[in-house]
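Trainee: What follows is a structure written as structure tokens; I'll ask about it next.
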Amino acid sequence: MRGVDGVRVGTGAIVAVLAGMASWLLLQVVRSLGGGYPVISWIGLVPLVAVTLLVLVMCWQIRRYLLGRGTLRPSPQRGRGTVVGAQAAALGGAALLGWYAANALVHLPNADVASERVQLVWGVVHAVAALVLSVAGYVGQDWCRIPPTEHDDDDDGVADGDLAYG
Numbered sequence: 046m047r048g049v050d051g052v053r054v055g056t057g058a059i060v061a062v063l064a065g066m067a068s069w070l071l072l073q074v075v076r077s078l079g080g081g082y083p084v085i086s087w088i089g090l091v092p093l094v095a096v097t098l099l100v101l102v103m104c105w106q107i108r109r110y111l112l113g114r115g116t117l118r119p120s121p122q123r124g125r126g127t128v129v130g131a132q133a134a135a136l137g138g139a140a141l142l143g144w145y146a147a148n149a150l151v152h153l154p155n156a157d158v159a160s161e162r163v164q165l166v167w168g169v170v171h172a173v174a175a176l177v178l179s180v181a182g183y184v185g186q187d188w189c190r191i192p193p194t195e196h197d198d199d200d201d202g203v204a205d206g207d208l209a210y211g
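Mapping the sequence shown onto the numbering used here, position 142 (from 1) lands on 187, and the numbers just tick up by one.
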């Protein structure tokens with residue numbers, strides 16, 4: 046019997062689609078009320094890339110320990126926090142993917158205008174970065190899985206394949 050399975054890819058896909066639909070609708074309402082679309086610039090990539098790298102580094106440290114290559118045993122709190130951070134990155138990246146994809150879509154009809162084309166490109170670039178963040182979350186979650194052992198009948202309270210410290 047499996048214990049904690051973690052966040053599934055299907056859940057992330059649903060989050061991305063729902064966030065995209067809600068964002069597109071919100072952007073259409075704001076525009077119909079006379080507002081403008083938000084400006085997307087390169088600076089938004091900085092936190093996306095930083096969080097992606099942070100998730101991968103933290104999860105890699107847990108993975109090294111689980112594979113017997115790490116020298117220091119991480120605390121259970123750190124292991125749990127790392128798994129939760131990876132899962133948050135998976136779902137947060139999916140939500141951001143929906144947001145940035147919706148931003149790109151609203152600029153698509155006027156892509157012949159240079160300023161709209163720039164916003165379309167930045168929306169696509171940010172959507173790709175959000176997708177990479179989400180994938181990093183799923184990879185990190187997988188890296189934090191406790192590998193199966195030779196002793197399946199042990200009674201340590203942790204099922205093989207469970208998330209580390211989760």
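Every residue, glycine too, gets a C-beta built ideally from N, C-alpha and C.
Keep in mind the model is a prediction, meaning the values are calculated, not measured.
Taking C189 and V96 to be in contact with their CB atoms under 8 angstroms, please state how far apart those CB atoms are, rounded to whole angstroms.
Mentor: Not confirmed; about 16 angstroms, so no contact.
Trainee: Distance check for A139 and A175, CA to CA, integer angstroms please.
Mentor: 7 angstroms
Trainee: For the alpha helix (DSSP H) that contains P193, what are its first and last residues?
Mentor: Where P193 is concerned, there is no enclosing alpha helix (DSSP H), given that its DSSP letter is neither H nor E.
Trainee: Taking A181 as the reference, give the member of M103, V170, H152, V151 with the closest Cα.
Mentor: Comparing Cα-Cα distances from A181 to each of M103, V170, H152, V151, the minimum goes to M103.
Trainee: Using the C-alpha atoms, what's the distance from G137 back to Q106?
Mentor: 22 angstroms
Trainee: Hey, is the region 109 to 121 in contact with the region 143 to 155, meaning 3+ C-beta pairs nearer than 8 angstroms?
Mentor: no
Trainee: Looking at L117 and the ligand GDP, is the gap between the Cβ and the nearest heavy atom below 7 angstroms?
Mentor: The model depicted lacks the ligand GDP and carries no ligand whatsoever.
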